[in-house]
Each structure stands twice: as C-alpha cells, then as structure tokens.
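> Below you will find the structure I want to go over with you.
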Amino acid sequence: MKVQKLGHFVDGREVHLFTMENKNGVKASFTDLGGVWLSLLFPNRSGKELDLLLSVENWEDIMENPGHMGEVVGRNCNRIAGGMFNLNNKLYRLFLNDGQYSNCHSGPDYYGRRLFTVKEKGENTLTLALFSQDMDQGFPGDLDFSVRYTLTDDNEVKIRYKGLSNKDTIMNFTNHAYFNLMGHDFGSLSEHEICIHADSYTPSDSHLIPTGEICAVEGTAFDFRTEKAMLDTKRLKNELKAVGGYDHNFCIRDYDGTLRCAAEVFCKKSGIAMEVETDCPGIQFYTGNFMAAEDLGKGGCDYGKHSGFCLETQFYPDAINKPNFPSPVVKAGVVYKSETIYRFFRRLI
759 MKVQKLGHFV DGREVHLFTM ENKNGVKASF TDLGGVWLSL LFPNRSGKEL DLLLSVENWE
819 DIMENPGHMG EVVGRNCNRI AGGMFNLNNK LYRLFLNDGQ YSNCHSGPDY YGRRLFTVKE
879 KGENTLTLAL FSQDMDQGFP GDLDFSVRYT LTDDNEVKIR YKGLSNKDTI MNFTNHAYFN
939 LMGHDFGSLS EHEICIHADS YTPSDSHLIP TGEICAVEGT AFDFRTEKAM LDTKRLKNEL
999 KAVGGYDHNF CIRDYDGTLR CAAEVFCKKS GIAMEVETDC PGIQFYTGNF MAAEDLGKGG
1059 CDYGKHSGFC LETQFYPDAI NKPNFPSPVV KAGVVYKSET IYRFFRRLI
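Residue numbers (my numbering): 759 to 1107.
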C-alpha cells in the first residue's frame, strides 16, 4: 500500500491518501478524512484505464462535499422523518437538514467531515476507526465504529462496518460512492444498464420519505428484475418526473442477513460491469438527480445532473419509525457487523 501525506486537518492532525493495487493492476484509493473512497482505476474493453468513481478535486474539498461523494455515512444513512424517533420510550430529536422534513445522513455533523484514526493497514487492507460519543448527532450511546476497506485480487472492494455501543442505538452505515462505468468524467448514464434483485420497493412521498408501504415492482418504473436502461426518457417524463430520476430504496430479495447479490450494472460501450453484494436488507438506487454543474470534481470536471449513480446498501429509510421495516436498532453491548462488496469485471455483451 502506498501512503501519501495530503496536508493537515483543522486540529493539526495529518490527512493521508492510501492507494492499494492488486495483482491485476487495479487501483483503489481512500483517505482517512471522512473515510472517503476517492478512486477506482479499472481497464475498459480496449485496455484503457478509467477512473470509475466521481470524487472531489482536492482533499480539502471533502469538507464541502455537497453530494457526499465516496463518504462513509453514519450513524444513520438516509432519512429520518421529522428528524425524530422514539427508542425505549424516549424521544430523540435530530437536526432538520433536509428542509423541515427530515434528517438526512445524520447531518450536519457528518462522519464524512471527520478525520478517522488508522487502526490497521496491510498491503491491500485499511481499517479506519472513529469514536462517536453519547448524543453525538442526537443518537444515544458511546459508539466505537470502524470501517475496513479491502481490495482483492478478484477486483473486489470489500467494505466491512463494525460498531459497538454502550446503549441501544441506531447503526445504519453506508458508503456514498458515485460510479460511472464510462469513467468519472463521461457526464452521462446513457450507456448504463442495471438489474436490481428486488421484487419490491418502498414508495416515498415528495420529500423522499417512505410512506411505510412495501409495494411490488411489477408493472412499475421500479421493475429492474431484468437488465434495463438505467435512465429511460419515457420514465423520466412520467413516473419519475417529480424527482428527476431514481432516489429510491429497493427491498433486496430473500433478505436473511447473509451476503447476496443485490444489483448488477453493465456498460456495453466500455465493456465494464459491476456487481454489488450485501448482507443489508435494502439498497438505495440514486441517479445523481441533484448534482449540479457547479459541483467540480477531479481534473476540474463539471459533475452535472445524472453524471453518476449510487448503490447504497442500507436499512430502509426511516426504518426506526416504521415498525414493519427491518429494524436498524442494535442492543447495548452487541457487536454490529455488516459487509458490502463491489465487484468489477469486463463483459462481452
């Protein structure tokens, strides 16, 4: 592993870049600031190396990263309606950072703006740790949290989350990586097809908060059980007009807490494909609807609307307030573990 000093955090601690390379020449880089996954270099069909991850231009920009590109998200990813929840007969209130409608990604004091401690590093493995004290972000319990990144010789990036709290609390972590299988600077998802292994999804209101229903995808714009174009003009003009694309949770088929394939994406033009495996019950499919041209990325690239897609593994949004959803609550003293794997390969057709 190559380690490079980037600069200093606001408190004087050093910020580092960690770059891994497997036997196939595939490279992945991460920072201890925000646990950000910065890049994934992978060859296309003709052998040209592409960076498949959208990210910030400079490490300092992580502190002003409007799309949360590549960040570790915790203590709870996605939305909590009204910024409040009841746990053990006690009401907890969170900051409303998504209008006056919800708390999103546990902001505004995001994990993605904090400097993690390097707990362990190997040739192609990096473990980053963070201590989150009782009532940090509004959540109960002192939390010892870690995230472990591994680049395998099978061209997989494995992400393992681990948490332990002294109080019952929510643990719902994800990574907010944005992908484009034509390269981070391609600017469009037009060449992408996706298959999501989900027979149902959680409909949401105009503020992207689930209604509490779990509905079948059959006959809807959310039916990706077979490979389909990621963004279809007809769907954008009709079912998806209000949101401008996808930003929805899909209920992973046959969820039982073990690893299973949740989604597959293929780009015919580059020949690059990816699979996502997870032990989580849900996956948020997001097509960069709120990205703006002023969101500058690597190489000064303008990341406009639909420049990248996210596949965020998770408990369902607002699960803490929906008793029919799988619960994100972890009991005091119980070690929480979760794993998500992003696998990259080339495909002919």
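Just so it is clear, CB atoms sit at the ideal spot from N, CA and C, and this is done for glycine as well.
Based on DSSP bridge pairs, tell me the residues matched to MET842.
ARG851, per the DSSP bridge assignment.
> Would you list the one or two residues that DSSP bridges to THR960?
BP columns for THR960 point to ASN1007.
> Inspect the beta-carbon positions of MET1049 and GLY792 and report whether they are closer than 7 angstroms.
No, they are not a contact pair.
> What do you reckon, are the CB atoms on GLU1035 and LEU1017 nearer than 7 angstroms?
Result yes, Cβ atoms of GLU1035 and LEU1017 sit closer than 7 angstroms.
> Could you tell me the distance, in whole angstroms, from the CA atom of GLY1066 to the CA atom of LYS877?
Approximately 31 angstroms, taken between the alpha carbons.
> List the whole-angstrom C-beta distance separating PHE1073 from ASN930, where the pair is believed to meet the contact cut-off of C-beta under 8 angstroms.
So it is a contact: roughly 5 angstroms between Cβ atoms.
> At 4 residues or longer, and completely inside the stretch 970–1041: list those alpha helix (DSSP H) runs for me, N to C.
Here the runs fully enclosed are 991–995.
> Give the straight-line distance between the Cα atoms of SER946 and LEU849, rounded to the nearest whole angstrom.
Approximately 43 angstroms, taken between the alpha carbons.
> If you compare alpha carbons, which of ARG1011, GLY970 and ALA786 is closest to GLU881?
Comparing Cα-Cα distances from GLU881 to each of ARG1011, GLY970 and ALA786, the minimum goes to ALA786.
> Three Cβ pairs or more, each shorter than 8 angstroms: is that satisfied between the stretch 859–878 and the stretch 1000–1015?
Contact between the stretch 859–878 and the stretch 1000–1015 is absent, because fewer than three Cβ pairs lie under 8 angstroms.
> Are the beta-carbon atoms belonging to ARG833 and PHE897 less than 7 angstroms from one another?
In this structure, PHE897 lies closer than 7 angstroms to ARG833 by Cβ.
> I'd like the list of long-range same chain contacts for LYS1027, defined as Cβ closer than 7 angstroms, with 5 residues on each side in sequence excluded.
Hits under 7 angstroms: MET940 and GLU949.
> Assuming the contact rule is C-beta atoms closer than 8 angstroms, GLN895 and LEU852 should be a hit. Round their C-beta distance to whole Å, please.
With a Cβ gap of about 7 angstroms, GLN895 and LEU852 count as contacting.
> Which runs of the alpha helix (DSSP H), 4 residues or longer, sit entirely within the stretch 790–846?
DSSP runs (the alpha helix (DSSP H)) wholly in the stretch 790–846: none.
> Return the Cβ separation of ARG918 and HIS955 in integer angstroms, given the expectation that the two are a contact with Cβ distance under 8 angstroms.
Actually they are not in contact, since the Cβ atoms of ARG918 and HIS955 sit about 21 angstroms apart, beyond 8 angstroms.
> Count the other CB atoms within 10 Å of the CB of ILE1099; is the residue buried (16 or more) or exposed (fewer)?
Burial call: buried.
> At which residues does the beta strand (DSSP E) containing ASN861 begin and terminate?
860–862 is the span of the beta strand (DSSP E), which, as asked, contains ASN861.
> Round the Cβ separation of ALA987 and GLU1022 to the nearest angstrom and send it over; I've been treating them as touching at under 8 angstroms.
Not quite, the Cβ-Cβ distance comes to about 14 angstroms (not below 8 angstroms), so this is no contact.
> Quick one: grab the DSSP three-state call for ARG1105.
Correct three-state label for ARG1105: coil.
> Verify whether the separation of the beta carbon atoms of LEU808 and PHE937 is less than 7 angstroms.
Not in contact: LEU808 and PHE937 (Cβ atoms no closer than 7 angstroms).
> Do you know how far the Cα of THR1071 is from the Cα of ASN823?
Answer to the nearest angstrom: the Cα atoms are 20 angstroms apart.
> Tell me, which residues are paired with HIS774 by DSSP?
Its beta-bridge partners are LYS763.
> Note down the Cα distance separating GLU772 from SER904, rounded to an integer number of angstroms.
The alpha-carbon atoms of GLU772 and SER904 are separated by roughly 19 angstroms.
> Kindly list the residues whose CB is nearer than 7 angstroms to the CB of CYS973, restricted to its own chain and excluding five residues on each side of it in sequence; keep chain order.
Cβ within range, chain order: SER958, TYR959 and PRO961.
> Give the DSSP-derived three-state secondary structure of ASN1079 in the structure shown.
Three-state result, ASN1079: helix.
> Which term fits LYS1080, buried or exposed, when burial requires 16 or more other beta carbons within 10 angstroms of its beta carbon?
With 16 or more Cβ atoms within 10 Å of its Cβ, LYS1080 is classed as buried.
> Where ASP902 and LEU886 are concerned, what is the direct C-alpha to C-alpha distance, given to the nearest angstrom?
For ASP902 and LEU886, the distance between alpha carbons rounds to 11 angstroms.
> By Cβ distance, which residues of its chain are closer than 7 angstroms to HIS774, with the 5 residues on each side in sequence left out?
Answer for HIS774: VAL761, GLN762, LYS763, LEU764, THR789 and ASP790, listed in chain order.
> Any idea what DSSP makes of ARG872, helix, strand or coil?
Of the three classes helix, strand and coil, the one that applies to ARG872 here is coil, per DSSP.
> Determine the contact status of VAL794 and GLU829, defining contact as a CB-CB distance below 7 angstroms.
Closer than 7 angstroms, so yes.
> Taking its Cβ as the centre, do 16 or more other Cβ atoms sit within 10 Å of GLY1057, making it buried, or is it exposed?
Exposed is the call here.
> Compare the C-alpha of PRO968 against each of LEU812, TYR859 and LEU989 and name the closest.
Nearest option by C-alpha distance: TYR859.
> Which class does GLN1072 belong to by DSSP, given the choice of helix, strand or coil?
The answer is strand: DSSP assigns GLN1072 an E or B state.
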